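The structure under discussion appears below in the form of structure tokens.
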Amino acid sequence: MKFFAGPEYSLKYEEQGVRCVSAKNAVNKKKTKFTRDSVVVGLMLAPAVIFLCVCSIYPFIWIFRYICYDYNGFTANYTGMRNFTRMLGDKTFWNSVGHTFEYAGYKLIFIIPLALVVAVLLNNRMKGTSIFRGVYFMPTIISTSISGMIFTFIFATQNGVLNAMLTKLHLIDSPVKWLTSQGVVMAAVTIMAIWGGFGNYMLYFINGMNGISEDVYESAKIDGANGFQTFFKITLPMLSPVLKVILMLAITGAFKDYEAILVLTKGGPGNRSMVMFLYIYNLIFGSSSASSQPQIGYGALLSVVAAIIVGIVTVIYMRISRKLDDVV
Amino acid sequence: MEKGHAVYSTSSKIVRMILWILMVLLAVVTIFPVIYIVFGSFKANAELLVGGTNIFPSKWVFSNYADAWQQANFATYTLNSVFLAVGVMLISLVTATMSGYVFSRRQFKGKELIYGLFVMFMFINVGSVSLRPLFELAVKLKMNQSLLSVIFISAGSGQATYIFLSRGFVNTIPKELDEAAKIDGCTFFQTYRLVILPLLKPVMATIALLSFRQGWNEYIMPLVFTMTNDKLRPLTVGVNMLKNAGDGTAAWNIMFAGATIAIIPMLIIYCMFSRYFMNGITSGAVKG
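In order, the protein sequences belong to chains A and B. So the first sequence is numbered by numbering that gives the first Met the number 0: it starts at 0 and just counts up by one. So the second sequence is numbered by numbering that gives the first Met the number 0: it starts at 0 and just counts up by one.
Below, the structure written as structure tokens:
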């Protein structure tokens with residue numbers, strides 16, 4: 000083997016020599032090589048960029064094209080400002096905006112504290128922490144459409160398991176009309192949303208808490224802080240940057256939810272659980288109950304308005320959270 | 000990190016015990032709907048229509064599944080779901096790793112702009128309206144007769160998260176490896192395929208799981224695309240179509256079985272790879 004070592008070395012040196020000599024040529028060659036390389040780069044980026052253009056940018060532009068049209072999928076008529084005036088007088092839409100805020104409010108009020116408390120407890124290294132975490136997170140892997148369906152069975156008035164249990168525990172006398180009474184349908188929708196989402200936010204919180212140094216807790220313990228003090232004086236303040244991000248994700252997420260509601264209640268009864276994106280979906284693809292014609296132009300306008308509403312809420316939230324920074 | 004082996008006083012022990020019991024209760028509540036559906040799928044239809052608090056069936060009926068599989072077309076639905084989920088997964092893996100690598104390693108004109116567009120359209124959400132132009136496009140291209148259009152759109156609208164994930168991961172791989180590969184005569188693409196891709200395995204596992212879940216759970220889009228075509232429906236749509244059918248109350252047992260078929264594969268995958276799921280969720284959202 001040793002015999003081969005010599006020639007190998009010399010080969011390497013020779014190669015280097017060749018490189019030095021041809022350095023001049025390389026300058027000329029550089030241009031062609033650069034283009035071939037950039038073609039490769041372009042090709043590798045192409046699928047993602049094409050997807051971005053087709054699936055995100057094209058629909059976005061398309062929407063603006065039909066804002067002033069009456070379009071049912073086949074014929075489009077220019078109607079000028081009529082869509083705008085219709086929107087201003089559309090009670091169903093503005094009610095659905097109200098319901099969206101209501102739903103988002105309920106969801107956040109319950110889901111964020113629950114997720115935070117659960118995360119803190121899991122961080123305390125209880126027995127079976129990883130099992131708890133796995134179970135709590137489990138609902139998020141189930142399709143929202145399927146969980147909507149599951150809860151239709153659970154909330155069923157006559158033969159639903161929830162009413163049966165509540166009756167057995169003597170908490171209610173007559174079955175609650177979870178999905179068909181205007182008074183409680185929001186509660187039903189909220190329960191489903193909490194079930195499906197709190198594991199997700201719990202995981203965000205756990206992840207954020209991993210960033211808090213163990214020493215801080217150690218010294219707090221030495222100073223004699225109890226669990227509540229540790230939570231309010233240490234965990235919460237040190238978590239606040241993460242908390243802000245999580246809250247923003249939760250807010251924008253809650254405003255976008257409509258899939259599970261579509262399955263659970265279809266926005267009923269009497270549009271009581273109609274959120275704005277569900278109303279828009281019904282306009283654009285025709286609601287399944289009534290064989291109404293799709294009203295795509297009007298739906299396009301409303302979806303722009305809905306996107307703006309979500310945008311405004313996000314901006315307001317960011318303002319407030321910045322203000323809180325100054326106060327605390 | 001050492002586990003704190005603190006000595007707890009009796010009162011704090013009791014508090015911990017109470018908290019632990021509350022956690023168990025919460026876990027039971029969380030898991031209950033799934034248990035209820037899975038065991039309910041073995042109940043006779045008559046038992047389901049009467050209701051009651053029993054979780055376990057009084058008489059185990061296995062024919063629900065045979066009925067669902069044959070009469071209610073669930074064999075086709077399941078195949079479609081698998082096709083959809085695997086398709087979304089494969090496309091997401093290819094596009095995300097390639098563009099993540101390019102974004103991490105290359106400087107070129109317009110890079111900031113393209114990247115900014117990806118971020119921007121992650122936050123702009125106009126809801127279901129964006130499916131309308133895509134649907135019309137698919138009809139024009141005669142692609143609405145196969146699930147491929149659904150796969151492409153699903154992969155296309157979910158790709159941003161995966162690209163960020165893989166870009167972040169490539170950033171942690173030392174650049175020296177690329178340079179070494181280059182000296183050895185690798186082209187840019189060869190470096191990706193032979194050097195980077197094998198190192199991306201952990202993040203690829205995460206992307207694969209998340210995108211598989213995305214494809215498997217997709218609902219609104221396949222619902223819209225298969226309005227008139229029963230043969231293309233995945234499980235999520237097929238099961239819910241049963242519910243919307245006029246005599247829906249009559250077939251609870253089949254709906255329970257269908258929902259179980261839709262949940263169980265995902266649950267098994269989750270039990271096996273829950274760590275990757277959780278890693279992906281957190282690194283995709285909070286860190287990224």
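Note that the Cβ used here is the ideal one computed from N, Cα and C, for glycine as well. What you are looking at is a predicted structure, and each value in this text was computed from that prediction instead of being measured.
Asked	Found
Which of helix, strand or coil DSSP assigns to Met-257 (chain A)	The question names Met, yet the displayed sequence has Tyr at residue 257 (chain A). Of the three classes helix, strand and coil, the one that applies to Tyr-257 (chain A) here is coil, per DSSP.
Chain-ordered chain A contacts of Gln-158 (chain B) [CB-CB under 7 Å]	Ala-47, Phe-50
Cross-chain neighbours of Phe-231 (chain A) in chain B, by beta carbon under 9 Å	Those within 9 Å of Phe-231 (chain A) in chain B number zero; the least Cβ separation is about 16 Å.
Beta carbon of Gln-215 (chain B) nearer than 8 Å to that of Ser-80 (chain B)	It should be noted that the sequence gives Trp, not Gln, for residue 215 (chain B). Yes, they are a contact pair.
Cutoff 8 Å: Val-60 (chain B) Cβ touching any chain A Cβ	no
Alpha carbon of Phe-117 (chain B) to alpha carbon of Ala-180 (chain B), nearest angstrom	30 Å
DSSP three-state assignment for Ala-75 (chain A), whether helix, strand or coil	strand
Host beta strand (DSSP E) of Tyr-70 (chain A) (start-end)	68 to 70
Bounding residues of the alpha helix (DSSP H) (the contiguous stretch that carries Gly-97 (chain A))	90 to 122
Same chain only: Cβ atoms within 8 Å of Val-87 (chain B), ignoring 5 sequence neighbours per side	Ile-150, Ser-153, Ala-154, Gly-157, Ser-210, Phe-211, Gln-213, Gly-214, Glu-217
Delimiting residues of the alpha helix (DSSP H) encompassing Met-220 (chain B)	219 to 224
CB-CB length for Val-125 (chain B) against Phe-59 (chain A), believed under 8 Å	7 Å
Trp-177 (chain A) classed as buried or exposed, judged by whether at least 16 other C-beta atoms fall within 10 angstroms	buried
Euclidean distance between Cα positions of Leu-263 (chain A) and Asn-239 (chain B)	10 Å
CB contact flag (Gly-195 (chain A), Ser-272 (chain A), <8 Å)	no
Chain-order list of residues whose beta-carbon lies under 6 Å from that of Ala-67 (chain B) (same chain, five-residue window excluded)	Phe-73, Ile-253, Ala-256, Gly-257
Buried or exposed (CB count within 10 angstroms, at least 16 for buried), Thr-205 (chain B)	buried
Gln-189 (chain B) - DSSP class collapsed to helix/strand/coil	helix
Straight-line Cα distance separating Ile-195 (chain B) from Thr-94 (chain B)	14 Å
Every unbroken beta strand (DSSP E) inside the region 228 to 310 of chain A [3 residues or more]	none
For Pro-240 (chain A), the nearest candidate out of A:Lys-255, A:Phe-73, A:Asp-324 (CA to CA)	A:Asp-324
Separation of Ala-45 (chain B) from Lys-58 (chain B), as counted between CA atoms	11 Å
Near-chain B residues of the region 133 to 148 of chain A - C-beta to any C-beta below 9 Å	Gly-133, Val-134, Tyr-135, Phe-136, Met-137, Pro-138, Thr-139, Ile-140, Ile-141, Ser-142, Thr-143, Ser-144, Ile-145, Ser-146, Gly-147, Met-148
Nearest neighbour of Met-317 (chain A), chosen from A:Tyr-200, A:Ile-250, A:Met-164 [CA to CA]	A:Ile-250
Within chain B, the residues that Tyr-102 (chain A) reaches when beta carbons sit closer than 8 Å	Those within 8 Å of Tyr-102 (chain A) in chain B number zero; the least Cβ separation is about 15 Å.
Short CB-CB distance (under 8 Å) between Lys-322 (chain A) and chain B	no
Beta-carbon gap between Leu-277 (chain A) and Gln-294 (chain A) smaller than 8 Å	no
For Asp-214 (chain A), the three-state DSSP class (helix, strand or coil)	helix
Interface flag, Lys-39 (chain A) vs chain B, CB-CB below 8 Å	The identity of residue 39 (chain A) in the sequence shown is Val, whereas the question assumes Lys. By this cut-off, Val-39 (chain A) is an interface position.
Whole-angstrom distance between Lys-243 (chain A) and Ile-307 (chain A), CA atom to CA atom	21 Å
Contact list for the region 172 to 190 of chain B against chain A, Cβ threshold 8 Å	Thr-186, Phe-187, Phe-188
Sequence ranges, alpha helix (DSSP H) only - wholly within the region 133 to 197 of chain B, length at least 4	147 to 170, 174 to 182
Proximity of Ser-180 (chain A) and Pro-268 (chain A) at Cβ, strictly below 8 Å	yes
Ranges of the alpha helix (DSSP H) found wholly within the region 43 to 73 of chain B, counting only runs of at least 4	44 to 49, 62 to 69
Rounded separation between Met-49 (chain B) and Phe-109 (chain A) - CA only	Rather than Met, the amino acid found at residue 49 (chain B) in this sequence is Val. Distance between the alpha carbons of Val-49 (chain B) and Phe-109 (chain A) is about 33 Å.
CA-to-CA distance, Ile-56 (chain A) to Ser-302 (chain A), given in whole angstroms	15 Å
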